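Numbering (the working numbering), first residue to last: 5 to 100.
The beta-carbon is built from N, C-alpha and C at its ideal position, and this holds for glycine as well.
Fair warning: this is a prediction, and the values are worked out from it, not measured in the lab.
Take a look at the structure below.
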Amino acid sequence: MYLEVQTGRGRIDLLILHNQQKYIVETKIWEGESLYQAGKKQLAAYLKLEKALEGYYIVFDHRKQPVPLVETEIQEGFTIHSYVIPVTQEVPSQLK
């Protein structure tokens, strides 16, 4: 397992080598639908560069009403498993 691996297109968040296969994990914080979709394209570019077949896209959604999402799709010929994870936090001044 390698963290923040440098590539010609930026840094891969997490590269996992398991049974001679490469798996790439990209993480983001929710910043809107267009950036969510752009992150999948970024992951597909990393998969192509590393000659990996599938990747995992983990997005943390910190909006007031986060929406969980799990989807798998083919992006530019690569399998991308996407997970939007709700993150709810209380504002420190509201803690009792």
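Look at K68 here: in three-state DSSP terms it is coil, with no helix or strand label. Look at Q93 here: in three-state DSSP terms it is coil, with no helix or strand label. In terms of Cβ geometry, E58 and Y87 do not form a close pair [threshold 9 Å]. One thing to note: K44 has its Cβ no nearer than 9 Å to the Cβ of F64.
In this model, E80 and A48 are separated by some 7 Å (Cα to Cα). Around the CB of I78, fewer than 16 other CB atoms lie within 10 Å, so the residue is classed as exposed.
When only Cα atoms are considered, I84 and E30 end up about 10 Å apart. In the structure shown, K52 falls within a helical segment according to DSSP collapsed to helix, strand and coil. Take the alpha-carbon of H66 and the one of Q24: they are about 36 Å apart.
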